[in-house]
Structures are given as C-alpha cells and as structure tokens.
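Per the UniProt record's numbering, numbering through the sequence shown is continuous, rising by one, with the last residue being 708.
Glycine residues also receive a C-beta, built at the ideal position from the N, C-alpha and C atoms.
As the structure is a prediction and not an experimental result, all values here were calculated from the model.
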Amino acid sequence: IFQLSLPLNFLGSIYRELRQNLLDMEVLFSLQEEHAPAKDIPGAKPLELRGGSIRFENVNFGYHPDRPIFRDLSFTVPAGKKVAIVGPSGCGKSTVFRLLYRFYDPSSGRIFIDDQDIHELQMESMRKSIGVVPQDTPLFHADILHNVRYGRLDASDEEVKAAAQKANVHDTVESLPDGYKTTVGERGLMISGGEKQRLAVARVLLKDPPILFFDEATSALDGHTEAELMRSINTTLLDKARTSIFIAHRLRTVVEADLIIVLKEGQVAEQGTHDELLHKGGLYYTMWLQQASDTSGSPLEAPSIP
Ligand code: ATP
C-alpha cells in the first residue's frame with residue numbers, strides 16, 4: 403500500500419498544482435465566475451503553423467450584449483512582424499488578446515492564425531504557440547524557480563536560470579536571501595512590477611513561442627526600469643522572427659513597430675507606421691502630441707520596439 407500510495411500522492415499533488423496554475427492564469431485575465439470558457443468543438447484540428455500571421459475578420463464582441471466593444475473589427479498582423487495596438491483607454495486593446503487566446507469567443511466574425519479559424523482549432527495546440535507578457539504578471543505562491551518554470555514544465559533548473567539571466571533578472575534573484583528558492587506570490591516576498599515583468603519574460607523565453615503578446619503595464623514603470631525591460635525584450639524575445647503584438651499605452655514604445663493599429667470605438671481608426679500616421683495628422687497624431695506634452699523631455703529619445 404505504501405509503495406502504491408506514494409506515487410499516487412505525488413501525481414495527485416502535481417495534478418493539484420497544474421490545476422492551481424490554470425486557476426491562477428484565469429485570475430490573471432480576470433475572468434468572471436459566471437463566464438463559461440470556450441471549448442474545443444468536436445473534430446477540432448491542431449494548429450498548423452506557417453509563420454504565425456493573425457487576422458481578425460468582422461469581429462463583433464462585447465462582455466455584455468448591451469455594450470459592444472468591437473463592431474466589425476478587421477485587421478491583419480503579418481507573420482513575423484512587430485505590430486502595436488494603441489488607442490484610448492478602454493477601447494479594447496487587452497480584449498484583442500482575450501479573444502485570440504479564446505478566453506472569450508466573438509459573437510460573430512472570425513479570427514484566423516495562419517488562415518485557420520481558431521474556433522476550429524484545438525485550443526491547447528493554439529495556446530502553445532502564443533506567449534504572453536501580461537500587464538501584471540501573476541506569481542504563484544511558490545519559489546521563483548517554480549514560477550519561471552511555468553513557461554515550460556520540463557525545463558531543467560539550469561534552463562530556468564539561463565532564461566532568467568537573459569531576461570536580466572538573475573542577479574536580482576541571486577541577491578535575495580533564498581535565491582531561486584525564495585517564495586513569492588500571495589503571502590510570499592513582494593517584488594517590484596518591473597521584476598515581475600522580467601520574470602514573465604523569462605517564462606516566455608522558456609516557452610519560445612512563434613507568437614508573442616506583450617501587454618504594457620498601465621502604471622508607468624520608471625524610465626530606467628522601462629528602458630531595461632524593453633532592452634531585455636529586444637535582445638531576447640525579438641532576436642528571432644516572431645509575430646509580436648504590443649499593446650501599448652505609451653506611444654514612445656511603438657515608434658519603430660512595423661505596423662501600428664489605432665483602435666477607436668470598436669474599429670480600426672487608422673493604421674500605418676509611426677511616420678505615416680504622424681503625417682496623416684489623425685487620431686494617432688493627436689495622441690502623440692498629447693503624450694509628448696505630458697512627459698518631460700523628448701519622447702523620441704525614449705526606448706522603443708526595434
Ligand atoms: P486600457 O488601455 O485601460 O488597459 P484596454 O483598451 O486594454 O484598456 P480592455 O481591457 O480590453 O481595454 O477593456 C475594454 C472594455 O471592456 C472596457 O470598457 C472594460 O471596462 C470592459 N471590460 C474589460 N474586461 C471586462 C470583463 N471581464 N467584464 C466586463 N467588462 C469588461
């Protein structure tokens with residue numbers, strides 16, 4: 403009995419842990435309790451990756467039927483490109499990710515990854531291809547080693563540490579009293595927003611996904627921390643071709659994106675490169691002027707996506 407119960411207990415604890423992680427992920431995206439998560443349809447197929455292009459086609463969606471967020475929203479993120487989504491607060495930037503990751507399904511319209519309707523795909527195969535650095539990285543009540551390994555559960559300690567090193571958070575971790583064994587998360591050691599996001603970068607590095615989603619923190623990190631974070635993202639996550647989508651609140655982080663999509667009132671108000679949009683003199687131009695006057699110093703000198 404002893405011999406048998408030991409591995410069963412062990413498996414049980416792994417199962418509980420995985421479930422807990424899943425729950426934490428859901429908390430992360432602030433799913434409401436009454437919300438029924440999307441499911442695989444019968445006969446769902448695995449995603450066949452061919453570069454990772456993303457297309458929204460006439461997508462309609464609202465969290466509540468009487469309050470539409472997207473109205474026939476259509477846009478394309480070309481494979482391997484860096485695309486920024488900007489727009490006024492509450493216009494639905496983060497919702498784009500929630501639909502792509504199938505936390506919610508649109509009420510009508512379709513979303514494609516490499517021309518495959520994500521509604522017809524096995525969710526797990528699709529989610530495996532998408533990495534996310536969220537606004538506020540959830541940390542589980544566990545040690546840092548475990549928290550970073552969540553990016554890929556079979557990663558060795560060495561791989562976890564190498565990822566942390568690349569994400570520029572290794573030295574900080576080593577300086578903590580218990581190093582990688584330091585317990586963080588709920589009731590654990592408090593760490594700063596910038597450190598949390600760098601742990602998220604390390605997580606995503608372990609996952610190594612062809613599609614990357616980066617949700618810039620709304621609460622401004624200080625200039626130095628933001629520059630550090632952007633640098634570590636540029637030199638690690640963006641060192642190879644990945645389709646990356648940046649949800650940006652501060653326009654200075656999107657200046658060099660391949661494409662900037664400006665959302666307003668549930669639709670694409672305009673799109674183009676930074677220069678094109680400035681020349682156009684529309685909404686982006688107005689937002690740019692507004693932010694330039696809000697921040698001290700020239701926004702053009704600030705860190706940006708390569
Ligand atoms: P910000 O720039 O402030 O981060 P955003 O453009 O990313 O905002 P979203 O977070 O996508 O905006 O939210 C779009 C709208 O939907 C907002 O008005 C928000 O209040 C609402 N909303 C977001 N999540 C939910 C939810 N789970 N239930 C109901 N309404 C929601």
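Local conformation of residue i per DSSP, three classes
i: L665; result: strand
i: N570; result: coil
i: S510; result: strand
i: D660; result: coil
i: D559; result: helix
i: F542; result: coil
i: E435; result: Reliability fails at E435, whose pLDDT of 39 lies under 50, so the model's placement of it is uncertain and no value is given.
i: R452; result: coil
i: K484; result: strand
i: I471; result: coil
i: F648; result: strand
i: D516; result: coil
i: T637; result: helix
i: T688; result: helix
6 Å CB neighbourhood of residue i in its chain, flanking five on each side removed
i: P705; result: For P705, the pLDDT reaches just 43, beneath the cut-off of 50, and the residue's location in the model is therefore unreliable, although a value from the coordinates is still provided. Within the same chain, P705 has close Cβ partners A629, M632.
i: A650; result: A486, V488, E618, V656
i: T478; result: R457
i: F499; result: F615
Environment of residue i [buried if 16+ CB atoms lie within 10 Å]
i: S646; result: buried
i: I520; result: buried
i: T688; result: exposed
i: A643; result: exposed
i: K484; result: buried
i: P467; result: exposed
i: S510; result: exposed
i: residue 711; result: The structure shown has nothing for residue 711, since the chain only spans 403 to 708.
i: Q434; result: Because Q434 sits at a pLDDT of 40, beneath the cut-off of 50, its placement in the model cannot be relied upon, and the following sentence gives the value as read from the coordinates. The residue in question, Q434, is exposed, as its Cβ has fewer than 16 Cβ neighbours within 10 Å.
Best match in the options for proximity to residue i [C-alpha to C-alpha]
i: G547; options: S509, G587, M528, Q518; result: The amino acid at residue 547 is misidentified as Gly; the sequence shows Leu. Nearest option by C-alpha distance: G587.
i: S496; options: D538, P467, Q518, Y582; result: D538
i: F472; options: I513, A446, A440; result: I513
i: I443; options: E522, I515, K483; result: E522
i: R668; options: N460, L614, D696; result: The sequence given here places Gly at residue 668; Arg does not occur at that position. Of the candidates N460, L614, D696, the one whose C-alpha sits nearest the C-alpha of G668 is N460.
i: P490; options: Q692, K666, G683, E450; result: K666
i: N462; options: A566, P480, D696, Y506; result: Y506
i: V571; options: R589, P536, G595; result: G595
i: A565; options: E526, I635, R589; result: I635
Chain-order list of residues whose beta-carbon lies under 7 Å from that of residue i (same chain, five-residue window excluded)
i: R529; result: Y503
i: W690; result: L653, L680
i: G581; result: V575
i: R605; result: V550, Y552, G553
i: T584; result: D545, I546, L578, L591
i: P612; result: L451, G454, S531, R644, T645
i: K609; result: G533, G553, R554
Inter-residue spacing [alpha-carbon to alpha-carbon] between residue i and residue j
i: F616; j: A569; result: 14 Å
i: R600; j: L639; result: 11 Å
i: L607; j: V550; result: 10 Å
i: V603; j: G494; result: 23 Å
i: R671; j: L661; result: Before going further, note that residue 671 is Ala rather than Arg in the sequence given. Roughly 14 Å separates the two Cα atoms.
i: P470; j: V664; result: 18 Å
i: T675; j: P540; result: 32 Å
i: F542; j: E597; result: 15 Å
i: S455; j: D517; result: 8 Å
i: I532; j: K441; result: 17 Å
i: L501; j: P508; result: 7 Å
i: L475; j: L449; result: 23 Å
i: I515; j: A446; result: 14 Å
i: I593; j: T637; result: 23 Å
i: G464; j: V562; result: 39 Å
i: D573; j: Q567; result: 7 Å
i: A481; j: Q673; result: 17 Å
i: D696; j: Y686; result: 15 Å
i: residue 712; j: E560; result: The displayed coordinates of the chain run from 403 to 708. Any statement about residue 712 would go beyond what the structure contains.
i: G683; j: Q692; result: 13 Å
i: E678; j: R589; result: 48 Å
Cut-off 8 Å between Cβ atoms - residues of its own chain near residue i, not counting five sequence neighbours on either side
i: D556; result: none
Residue i: CB within 7 Å of a non-hydrogen atom of ligand 2
i: G492; result: No copy of ligand 2 occurs in the structure displayed; its ligands are ligand 1 alone.
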